[in-house]
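This report concerns only the one structure given below.
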Amino acid sequence: LLLFAAVGMMLMAAATDLIVIFLGLETMSVAVYVLAGIRRQNVKGNEAALKYFLLGAFASGFFLYGAALVYGATGSVKLGAVATYISTHLSGDQSSPMLLAGMALLIVGFGFKVAAAPFHAWAPDVYEGAPTTITAFMAVGVKAAAFAAFVRVFLLSFGALHGQWEWILWVVAVVTMIVGNFTALVQDNIKRMLAYSSIAHAGYLLVAMVAGSELGGAALMYYLVAYGLMNLGAFAVVVAVGKKGEPNEEFNDYAGLGFRYPALAMMMTIFMLSLAGIPPLVGFTGKFYVFSAAVKAGYIWLAVIGVLNSVVSAYYYVRVIVTMYMQEGEKQVEPLSARPALATAIVAATVGTILVGVLPAKPMALARHSFASLAKPAQTASAADKKAHAPAAKPVTSTPSAESHH
Numbered sequence: 214l215l216l217f218a219a220v221g222m223m224l225m226a227a228a229t230d231l232i233v234i235f236l237g238l239e240t241m242s243v244a245v246y247v248l249a250g251i252r253r254q255n256v257k258g259n260e261a262a263l264k265y266f267l268l269g270a271f272a273s274g275f276f277l278y279g280a281a282l283v284y285g286a287t288g289s290v291k292l293g294a295v296a297t298y299i300s301t302h303l304s305g306d307q308s309s310p311m312l313l314a315g316m317a318l319l320i321v322g323f324g325f326k327v328a329a330a331p332f333h334a335w336a337p338d339v340y341e342g343a344p345t346t347i348t349a350f351m352a353v354g355v356k357a358a359a360f361a362a363f364v365r366v367f368l369l370s371f372g373a374l375h376g377q378w379e380w381i382l383w384v385v386a387v388v389t390m391i392v393g394n395f396t397a398l399v400q401d402n403i404k405r406m407l408a409y410s411s412i413a414h415a416g417y418l419l420v421a422m423v424a425g426s427e428l429g430g431a432a433l434m435y436y437l438v439a440y441g442l443m444n445l446g447a448f449a450v451v452v453a454v455g456k457k458g459e460p461n462e463e464f465n466d467y468a469g470l471g472f473r474y475p476a477l478a479m480m481m482t483i484f485m486l487s488l489a490g491i492p493p494l495v496g497f498t499g500k501f502y503v504f505s506a507a508v509k510a511g512y513i514w515l516a517v518i519g520v521l522n523s524v525v526s527a528y529y530y531v532r533v534i535v536t537m538y539m540q541e542g543e544k545q546v547e548p549l550s551a552r553p554a555l556a557t558a559i560v561a562a563t564v565g566t567i568l569v570g571v572l573p574a575k576p577m578a579l580a581r582h583s584f585a586s587l588a589k590p591a592q593t594a595s596a597a598d599k600k601a602h603a604p605a606a607k608p609v610t611s612t613p614s615a616e617s618h619h
């Protein structure tokens with residue numbers, strides 16, 4: 214199932230065709246639906262899987278109907294051909310109602326997969342009910358693949374119509390950040406808190422999409438790496454703290470963790486501070502790039518709202534640190550259930566969170582290259598489509614003057 218989901222993610226990230234993106238989306242989704250409810254005896258897991266499946270089916274329907282409307286408006290589902298049609302037929306403020314409706318439905322489909330408000334209702338229950346390892350896989354892998362496809366479709370195919378859809382994503386980004394951060398403030402379950410945190414981070418990533426520039430695309434790629442390191446590390450700590458038969462997901466279970474397992478608590482502290490955007494960790498650098506791209510593109514208020522939301526988020530991240538170091542927990546220290554592979558993953562995520570934040574130049578250069586490679590297939594397809602529709606060159610014939618000269 215993990216391999217099926219991984220294949221679907223790769224299809225989504227590499228596709229240059231809306232139908233191939235849909236096939237990748239469904240390949241990934243069906244596998245993840247089953248993984249969410251893989252513990253058949255767990256009632257929460259079964260409820261989460263059913264809810265995820267039903268809402269996911271509706272979202273897939275919206276996406277497919279949106280692709281059909283795009284095809285009806287442009288005559289193609291190939292991303293390059295769609296970009297060519299828009300650049301040649303819809304210059305200036307011109308727009309096609311059918312194409313705009315298709316774009317709106319595609320936003321619904323992608324919004325569900327990246328857990329953006331108001332399409333986020335499934336995320337907290339699914340993240341809480343699924344096994345923690347599967348939750349980490351969904352929170353990072355599914356979101357990254359969905360954003361890769363989201364960027365390719367909207368920034369590259371619909372880039373010429375940026376002014377037509379950027380205000381929709383502007384509103385969605387603001388609502389997503391506010392809902393994610395303010396709802397996370399009142400959570401007592403750490404997995405639900407991380408779920409709402411994941412929703413808020415989807416809002417930050419949407420800010421980079423709204424910016425729409427090359428810097429915005431590169432910032433989005435960089436932030437996806439940062440988000441992956443921070444979240445995988447945090448969820449790995451949650452797995453390590455859990456005991457056999459007891460997931461230990463409530464905040465009270467982390468009381469005194471700093472005294473019982475100081476090394477583990479220190480690494481969890483690094484992940485929480487990075488998620489809050491505290492320098493010099495990777496979370497701060499990622500947010501700096503995202504908000505800088507928004508300001509340079511003229512979206513100053515969007516950047517201000519993002520910074521204020523980041524300040525709000527510091528409360529619930531610091532709350533985890535306070536619980537670990539300033540509240541008394543169990544006096545008895547039991548050996549952790551962390552296997553060598555899990556311990557290695559936590560240490561690797563910690564090192565990555567520090568190094569990628571302290572030395573961001575090379576990762577940012579790779580992010581720029583990654584964004585450029587996302588653009589390349591669409592541009593290649595666009596050039597091929599233009600060539601196919603170009604009139605054939607007329608054969609060169611000798612002129613009368615040339616013949617008389619000879």
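Going by this note's numbering, the letters in the sequence shown line up with residues 214 to 619, in that order.
We put the beta carbon where it would ideally sit given N, CA and C, even for glycine.
Measure the alpha-carbon distance for residue i versus residue j and round it to whole angstroms.
{"i": "F217", "j": "L236", "result": "12 Å"}
{"i": "A359", "j": "S526", "result": "24 Å"}
{"i": "I559", "j": "G376", "result": "42 Å"}
{"i": "S300", "j": "A373", "result": "6 Å"}
{"i": "V283", "j": "V290", "result": "7 Å"}
{"i": "V520", "j": "Q254", "result": "43 Å"}
{"i": "A262", "j": "Y278", "result": "24 Å"}
{"i": "F266", "j": "G342", "result": "14 Å"}
{"i": "V564", "j": "A357", "result": "21 Å"}
{"i": "G490", "j": "A510", "result": "22 Å"}
{"i": "G340", "j": "H302", "result": "The sequence as given places Tyr at residue 340; Gly does not occur at that position. Straight-line Cα distance between these residues: approximately 44 Å."}
{"i": "V220", "j": "L587", "result": "18 Å"}
{"i": "L428", "j": "R405", "result": "32 Å"}
{"i": "L238", "j": "Q540", "result": "44 Å"}
{"i": "A591", "j": "H582", "result": "Its pLDDT being 49, under 50, A591 is placed unreliably by the model, and nothing is read from it."}
{"i": "L268", "j": "F472", "result": "43 Å"}
{"i": "P493", "j": "K326", "result": "30 Å"}
{"i": "F323", "j": "A585", "result": "21 Å"}
{"i": "A281", "j": "R552", "result": "48 Å"}
{"i": "I347", "j": "L248", "result": "7 Å"}
{"i": "P576", "j": "D401", "result": "35 Å"}
{"i": "P310", "j": "V295", "result": "15 Å"}
How about residue i and residue j: are their beta carbons less than 8 Å apart?
{"i": "L398", "j": "Y538", "result": "no"}
{"i": "A408", "j": "P337", "result": "yes"}
{"i": "V531", "j": "A432", "result": "no"}
{"i": "L419", "j": "L382", "result": "yes"}
{"i": "T345", "j": "F271", "result": "no"}
{"i": "M434", "j": "F367", "result": "no"}
{"i": "A352", "j": "N444", "result": "yes"}
{"i": "T536", "j": "Y436", "result": "no"}
{"i": "V533", "j": "I403", "result": "yes"}
{"i": "L313", "j": "T287", "result": "no"}
{"i": "F276", "j": "L224", "result": "no"}
{"i": "M241", "j": "V355", "result": "yes"}
{"i": "V450", "j": "F484", "result": "yes"}
{"i": "G446", "j": "M480", "result": "yes"}
{"i": "L630", "j": "A244", "result": "Only positions 214 to 619 of the chain appear in this structure, which leaves residue 630 out of reach."}
{"i": "V189", "j": "H333", "result": "Past the boundaries of the shown model lies residue 189; the chain is included only from 214 to 619, so the question cannot be answered."}
{"i": "G315", "j": "V364", "result": "no"}
{"i": "K516", "j": "V508", "result": "For clarity, residue 516 is Ala in the given sequence; the question names Lys instead. Taking 8 Å as the Cβ cut-off, A516 and V508 qualify as a contacting pair."}
Given a threshold of 16 other Cβ atoms within 10 Å of its Cβ, counted over all protein chains shown, does residue i qualify as buried or as exposed?
{"i": "F350", "result": "buried"}
{"i": "E620", "result": "With the chain represented from 214 up to 619, any question about residue 620 goes unanswered, as that position is not in the structure."}
{"i": "H602", "result": "Bear in mind that the predicted position of H602 carries a pLDDT of just 45, short of 50, making it unreliable; the figure below should be weighed with that in mind. Exposed is the call here."}
{"i": "W514", "result": "exposed"}
{"i": "N465", "result": "exposed"}
{"i": "W378", "result": "buried"}
{"i": "A386", "result": "buried"}
{"i": "T557", "result": "exposed"}
{"i": "W335", "result": "buried"}
{"i": "G570", "result": "buried"}
{"i": "A578", "result": "exposed"}
{"i": "A228", "result": "buried"}
Could you tell me how far apart the beta carbons of residue i and residue j are, in whole angstroms, since I believe they sit closer than 8 Å?
{"i": "S487", "j": "G496", "result": "4 Å"}
{"i": "T297", "j": "L442", "result": "Going by Cβ atoms, the distance from T297 to L442 rounds to 38 Å, so no, they are not a contact pair."}
{"i": "I232", "j": "A362", "result": "With 8 Å as the limit, I232 and A362 do not qualify as a contact, their Cβ atoms being about 12 Å apart."}
{"i": "A209", "j": "T389", "result": "There is no way to answer for residue 209, as the model of the chain reaches only from 214 to 619."}
{"i": "G416", "j": "A329", "result": "7 Å"}
{"i": "A478", "j": "L470", "result": "5 Å"}
{"i": "L568", "j": "A453", "result": "Incorrect: roughly 22 Å between the Cβ atoms, too far for contact."}
Q) Taking only runs of the alpha helix (DSSP H) that begin and end inside the stretch 388-445, which ones reach a length of at least 4 residues, in chain order? A) Within the stretch 388-445, the complete alpha helix (DSSP H) runs of at least 4 residues are 403-424.
Q: Counting only runs of 4+ residues fully inside the stretch 308-347, write out the alpha helix (DSSP H) ranges in chain order.
A: Segments of the alpha helix (DSSP H) lying fully in the stretch 308-347: 310-326 and 335-342.
(Q) I'd like the ranges of any alpha helix (DSSP H) spanning at least 4 consecutive residues and lying wholly in the stretch 227-271. (A) The qualifying runs are 231-249.
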